[in-house]
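Residue numbers (the working numbering): 352 to 754.
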Amino acid sequence: MILIHYGEIGLKGKNRHSFEERLLNNVRKALGGSAESAKIFQKRIFVELADTRGAGEGGTGNAKPATHGSQEDAVASALRKVPGIEWFAFAQECEPEIGAIWEKVKGNLHEFEGKTFAVRTKRSDKEFPLKSMEVSGEIGSRIGEKTKSKVDLGNPQITAHIEIMKGKALVFFKKEKGFGGLPVGSAGKILCLMSGGIDSPVAAALMMKRGCEVDFLHIHPFEEKGAEKVQKSKIGKLIEILNGFQQREAKLFAIAYAGFYAQSGQVERRYELVVFRRYLYKLAEKIAKEYGYLGVVSGDALGQVASQTLENIGCAQSGLEIPVFRPLISMDKMEIVEIAEKIGTYEESIKEYTDCCSLVSVKSPVTKARRGTVEEYYEKMEIPKLIKENIEEIKKGEKKGSP
352 MILIHYGEIG
362 LKGKNRHSFE
372 ERLLNNVRKA
382 LGGSAESAKI
392 FQKRIFVELA
402 DTRGAGEGGT
412 GNAKPATHGS
422 QEDAVASALR
432 KVPGIEWFAF
442 AQECEPEIGA
452 IWEKVKGNLH
462 EFEGKTFAVR
472 TKRSDKEFPL
482 KSMEVSGEIG
492 SRIGEKTKSK
502 VDLGNPQITA
512 HIEIMKGKAL
522 VFFKKEKGFG
532 GLPVGSAGKI
542 LCLMSGGIDS
552 PVAAALMMKR
562 GCEVDFLHIH
572 PFEEKGAEKV
582 QKSKIGKLIE
592 ILNGFQQREA
602 KLFAIAYAGF
612 YAQSGQVERR
622 YELVVFRRYL
632 YKLAEKIAKE
642 YGYLGVVSGD
652 ALGQVASQTL
662 ENIGCAQSGL
672 EIPVFRPLIS
682 MDKMEIVEIA
692 EKIGTYEESI
702 KEYTDCCSLV
712 SVKSPVTKAR
722 RGTVEEYYEK
732 MEIPKLIKEN
742 IEEIKKGEKK
752 GSP
């Protein structure tokens with residue numbers, strides 16, 4: 352039995368049920384055949400582990416069924432990536448009475464030997480005859496008597512967790528931390544500006560944590576079969592990793608850099624990156640309007656590089672009619688790297704790849720761009736015409752089956 356607790360969802364009002372159903376659906380997608388029995392009961396999600404099918408078979412957990420132990424590992428790996436889950440545990444179910452609870456604990460006494468311990472009880476069934484502290488005290492006394500282990504309520508080496516509900520009790524010994532936040536799909540769709548670096552995948556994951564479905568826009572350096580090559584590159588691999596956090600297959604818009612490059616000779620070199628960023632935002636805005644995205648997400652972190660000064664960010668997004676989300680804006684690089692390592696994108700992100708931001712980088716880029724100058728170059732390069740051609744290219748690719 353898997354017990355899943357959510358945090359922020361529990362604070363919702365009349366619309367809580369829709370968030371719960373969304374999370375339940377995402378859990379089923381993540382676990383595939385293992386989650387056939389998943390259900391909501393008393394503000395929790397319960398999943399009975401199937402014996403023959405593991406996480407990922409028929410779902411997006413990407414794990415294969417095997418022995419019970421490895422199945423639990425696969426399930427845990429999949430659940431850690433599901434936004435909306437605060438924590439989860441592999442629990443044992445029994446009748447809500449002290450003798451039955453003790454039998455479940457007694458079967459695991461070997462885990463307590465030589466360790467300090469605590470017992471934590473949560474009693475949502477207020478008709479149960481014993482209070483939470485009384486249950487903890489009774490079970491704790493029996494553990495101490497049988498194992499001679501010492502109680503340590505402040506920093507125990509092992510904890511027996513007991514949850515008593517209407518009609519059942521659960522016993523477990525370890526809480527697995529979830530991804531937190533809100534379930535993907537509860538906040539609409541957005542488009543991520545995907546580079547080949549560390550930052551943009553982290554930004555995408557954090558927006559997934561806030562309930563967004565995230566698709567991707569990437570400007571690639573390839574001259575032929577660009578979309579196919581992008582899918583096989585580290586960009587495709589990064590998106591595959593991120594798909595595990597949103598329990599869906601993301602759409603990728605792959606646009607060739609060649610169109611911008613052909614016009615870039617008309618731009619003062621130190622302004623080229625800011626103009627390129629403006630092109631990116633305006634292209635993303637056009638795609639958003641065509642395909643129903645509610646915003647754009649960027650991996651900008653204030654002051655990290657020359658294009659991310661306040662002046663340059665302002666010039667790049669001037670006049671946009673859709674919101675731009677920057678979840679990394681106040682983070683330093685080490686904070687971003689830490690999240691990248693946690694979500695599993697870091698090693699892929701640092702692999703060699705020529706992204707377009709590196710192609711337009713210069714030794715002394717402008718750090719306080721003038722809005723009028725950026726607009727002048729933008730029009731001189733006929734960027735609106737280029738964006739129109741890009742959209743036509745996307746639609747043409749879709750007819751062939753590869754945008």
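The C-beta atom is built at its ideal place from N, Cα and C for all residues, glycine as well. Values in this document were obtained by computation on a predicted structure and should not be read as measured data.
DSSP state of residue 443 mapped onto helix, strand, coil:
strand
How long is the line joining the alpha carbons of residue 475 and residue 520, rounded to whole angstroms?
10 Å
Would you mind giving the Cβ-Cβ distance between residue 625 and residue 720, rounded to the nearest angstrom? I have them listed as a contact below 8 Å.
5 Å
Exposure label - residue 713; buried when at least 16 CB within 10 Å:
exposed
What distance in whole Å lies between the Cβ atoms of residue 537 and residue 367, which are believed to be in contact at a cut-off of 8 Å?
Contact flag wrong, Cβ pair sits at about 11 Å.
So, helix, strand or coil for residue 593, using DSSP?
helix
Chain C beta carbons: is any one of them nearer than 8 Å to that of residue 742?
Looking for chain C here will not work: only one protein chain is present.
Checking 8 Å against the spacing of the C-beta atoms, do residue 551 and residue 545 come in under that value?
yes
Element boundaries [alpha helix (DSSP H), containing residue 666]
661 to 668
Which residues in the same chain as residue 734 place their Cβ atom closer than 6 Å to its Cβ, once the five residues preceding and following it in sequence are excluded?
630
Quick one: complete beta strand (DSSP E) runs, 3+ long, within the stretch 506 to 549?
509 to 516, 519 to 523, 540 to 544
Taking buried to mean at least 16 other C-beta atoms within 10 Å of its own C-beta, is residue 504 buried or exposed?
exposed
Only counting the same chain, and skipping five residues up and downstream in sequence, which positions put a Cβ closer than 8 Å to that of residue 659?
651, 652, 653
Leaving out five residues on either side along the sequence, give the residues of the same chain with a beta carbon under 6 Å from the beta carbon of residue 717.
621, 622
Could you give the first and the last residue of the continuous alpha helix (DSSP H) run that contains residue 375?
367 to 382
How would you label residue 484, buried or exposed, when you count the other beta carbons within 10 angstroms and need 16 or more for buried?
exposed
Please state if the CB of residue 722 and the CB of residue 669 are separated by a distance shorter than 8 Å.
yes
For a test of your reading of the model: does the CB of residue 679 fall under 7 Å from any non-hydrogen atom of the ligand NAP? Yes or no.
You won't find the ligand NAP in this model; it holds no ligand whatsoever.
Using 8 Å for Cβ pairs, my map puts residue 340 next to residue 486. What's the rounded Cβ distance?
No statement about residue 340 is possible, as the shown extent of the chain runs from 352 to 754 and does not include it.
Along the beta strand (DSSP E) that carries residue 471, what are the first and last residues, could you check?
468 to 474
Kindly indicate which three-state DSSP category residue 451 falls into: helix, strand or coil?
helix
Taking only the alpha-carbon atoms, compute the straight-line gap between residue 364 and residue 437 and give it to the nearest angstrom.
18 Å
Return helix, strand or coil for residue 648, following the three-state DSSP convention.
strand
Euclidean distance between Cα positions of residue 411 and residue 533
In this prediction, residue 411 scores a pLDDT of 48, lower than 50, which makes its location untrustworthy; no coordinate-derived value is stated.
According to the neighbour-count rule (16 or more other Cβ atoms, all chains shown, within 10 Å of its Cβ), is residue 421 buried or exposed?
exposed
Please list, in chain order, all residues of the same chain as residue 516 whose beta carbon is under 6 Å from its beta carbon, the five residues on each side excluded.
393, 475, 476
Could you please give the first and the last residue of the uninterrupted alpha helix (DSSP H) stretch that includes residue 624?
623 to 642
As assigned by DSSP and simplified to three states, the class of residue 734
helix
Select from 423, 511, 379, 375 the residue whose C-alpha is nearest the C-alpha of residue 352.
423
DSSP three-state assignment for residue 564, whether helix, strand or coil
strand
Which whole-angstrom value is the C-beta distance of residue 527 and residue 440, which I expect to be below 8 Å?
6 Å
Close-in-space but distant-in-sequence residues of the same chain around residue 680 (CB under 7 Å, 5 per side omitted)
651, 652, 653
Would you report the Cα separation of residue 706 and residue 634, rounded to the nearest angstrom?
17 Å
Does the beta-carbon of residue 685 have 16 or more other beta-carbons within 10 angstroms, so that it is buried, or is it exposed?
exposed
Of the residues 589, 443, 676, 614, which one's Cα is nearest the Cα of residue 561?
676
Are there three or more Cβ pairs, one per stretch, closer than 8 Å when the stretch 687 to 704 is compared with the stretch 583 to 600?
yes
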